[in-house]
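Below is one structure, written out as C-alpha cells; comments come after it.
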Amino acid sequence: MNIREKTYAVLRKRVADKKAERVRIVEGLREDERFDDMLRRANSLRWDCVLQKGEEQQNSRRLLQETEQQIERYLSEKGYTKSILSDTESCDLCHDTGVYNGGMCSCAEKIRRELTLGRSPMLKEVPDDLAEVDLSFYGERAQTYKKYISFLKKAVVNGEINFAVIGGKTGTGKTYLGCTAAKECMKNGGDVLALSALNLNQKFLAYHCAFLEAKQELWAELAEPDLLYIDDLGVEPLLNNVTVPYLYGLLVERIDKKTIITTNLDVVKLEQRYGERIVSRLLDKRKGAIMTVEGEDLRF
Ligand SMILES: [Zn+2]
C-alpha cells in the first residue's frame with residue numbers, strides 16, 4: 002500500500018469508527034424508556050404531519066415541536082446535541098470521501114501528513130519548504146547556502162536530477178537541507194520516506210532474512226516512495242551480501258524516482274566502500290549529482 006492508499010484506508014476507518022461510536026451512544030440513550038418513547042412519538046407525529054390535514058395537522062405539528070424540544074432538553078442534560086441522532090459528515094468539502102476538486106481533500110491531506118511524519122520522524126524538525134529555510138542562520142555563508150537550496154529546489158525537487166548526494170562534513174547542515182527538500186516533496190503531494198542509513202541497513206537485513214511472502218512488501222516500502230531520503234550513508238556496518246547488493250538493487254529500481262542521500266564520505270571513499278557500480282549510478286550524467294556542502298561547523 003502506498004501512502005495515498007494508506008491515507009484513504011485510515012480515513013475510511015476513522016469515518017466508520019465515528020459512525021459506530023455514534024450508534025453506540027444512541028443505543029445507550031434509548032435504554033432509557035422515557036427517551037425511547039420521545040423518539041417514537043416524534044417519529045409517529047412526523048407521519049401524522051404528512052398524512053393529516055387542517056386542524057388535526059396543526060395540532061400534530063405543535064405536538065411534534067414540543068416533543069422535539071423535550072428531546073433536545075434530554076440530550077443537552079446528557080451532554081449531547083441533536084446532531085447525535087443523525088449521521089453528520091466530518092468534512093463538508095468532501096463529504097468524508099477524502100476526494101475534493103479532483104484531488105485529495107484537505108482532511109485527507111492532514112492524515113497523509115500524520116502518516117508520513119509518523120514513519121519519518123526526522124522530517125518533523127524541518128520547515129515544509131526550502132523557501133522557508135532561514136538563511137540568516139548561515140551568517141556570512143548565506144549566499145553559498147542560497148545556492149545549495151536553489152540547486153535542491155530546481156534540480157532535485159522540481160527538476161531532472163533523481164539521485165542527489167549531499168556531501169560534507171558533520172555539522173554543515175546537510176541533513177537539514179536534505180530533509181527540507183524531502184519535506185517539500187511531501188508538501189507537493191509526494192510519497193516520502195526518510196530514514197537513516199543504519200535503519201535502511203536494518204531493513205535490508207530484514208528483507209534478506211524474511212520469508213518469500215513477506216519480501217515483496219518490505220521491498221516496496223523502500224522502492225515505491227516518490228522520494229527516499231537516506232541520512233548519513235557510510236556510518237552503517239557493511240553487511241556481507243546485504244548492504245552493497247541491496248543498495249545497488251534499490252538504486253536500479255529507483256531510477257525514475259527521487260533519492261537524496263547525505264554522507265560524510267567523498268566520492269573516492271564512497272567508491273572504495275560501495276564499489277564503482279553504485280557510485281556511477283549515483284553520479285549518472287543526466288540523473289545524478291553530488292553537491293558538497295562546505296563550511297565551518299554550524300552546530301556550534
Ligand atoms: Zn474532506
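Going by my numbering, the first residue of the sequence shown is number 2, and it counts up by one from there.
Backbone N, C-alpha and C define an ideal beta-carbon position, used for all residues, glycine too.
All values reported here derive from a predicted model rather than from experimental measurement.
Buried versus exposed, by CB contacts within 10 Å (16 or more), residue i
| i | result |
| --- | --- |
| V51 | exposed |
| I4 | buried |
| F152 | buried |
| A165 | buried |
| S61 | buried |
| F212 | exposed |
| C210 | exposed |
| G191 | buried |
| I256 | exposed |
| V269 | exposed |
| M123 | buried |
| G103 | exposed |
| M2 | exposed |
Supposed contact pair residue j and residue i - C-beta distance, whole angstroms, cut 8 Å
| i | j | result |
| --- | --- | --- |
| L251 | A224 | 6 Å |
| A43 | E22 | Going by Cβ atoms, the distance from A43 to E22 rounds to 23 Å, so no, they are not a contact pair. |
| D227 | V193 | 7 Å |
| I302 | I26 | An answer regarding residue 302 cannot be provided, because it is not within the stretch 2 to 301 covered by the chain. |
| K154 | L131 | 5 Å |
| L248 | Y275 | 7 Å |
| I167 | L178 | 6 Å |
| G169 | T82 | Contact flag wrong, Cβ pair sits at about 58 Å. |
| T171 | V134 | Not really, about 19 Å apart at Cβ, beyond 8 Å. |
Option nearest residue i by Cα separation, candidates the options
| i | options | result |
| --- | --- | --- |
| Y9 | E272, R113, N241, F152 | R113 |
| N159 | T145, T173, K288, T171 | K288 |
| A156 | I261, Q53, R74 | I261 |
| Y139 | C108, D129, G174 | G174 |
| E126 | Q59, I150, E185, S137 | E185 |
| L40 | L64, Q59, A17, G190 | L64 |
| A183 | T171, G172, L196 | L196 |
| V245 | E218, K270, F205 | F205 |
| N189 | K258, D129, G99 | D129 |
| M187 | L118, G172, T145 | L118 |
| C108 | R120, C92, S121 | C92 |
Per DSSP, the bridge partner or partners of residue i
| i | result |
| --- | --- |
| T173 | Paired residues: none, contrary to the question. |
| A290 | A165 |
| Y101 | G104 |
| V193 | L228 |
| T260 | F164, L229 |
| L234 | T264 |
Same chain, Cβ closer than 7 Å to residue i, neighbours up to 5 away in sequence not counted
| i | result |
| --- | --- |
| F301 | With a pLDDT of 39 at F301, under the threshold of 50, the modelled position of that residue is not reliable, and no figure is offered here. |
| L199 | V236, E237 |
| K7 | L116 |
| W220 | Y208 |
| G55 | none |
| T264 | V166, G168, D233, L234, G235, L271 |
| L76 | T82, K83, I85 |
Own chain residues within Cβ distance below 6 Å of residue i, not counting five before or after
| i | result |
| --- | --- |
| I231 | A198, L201, I262 |
| L229 | L194, T260 |
| L283 | F164, V166, G289 |
Own chain, CB closer than 8 Å to residue i, minus 5 neighbours either side, in chain order
| i | result |
| --- | --- |
| E90 | H96, D97 |
| K79 | L30 |
| D88 | K20, R23 |
| R278 | Y249 |
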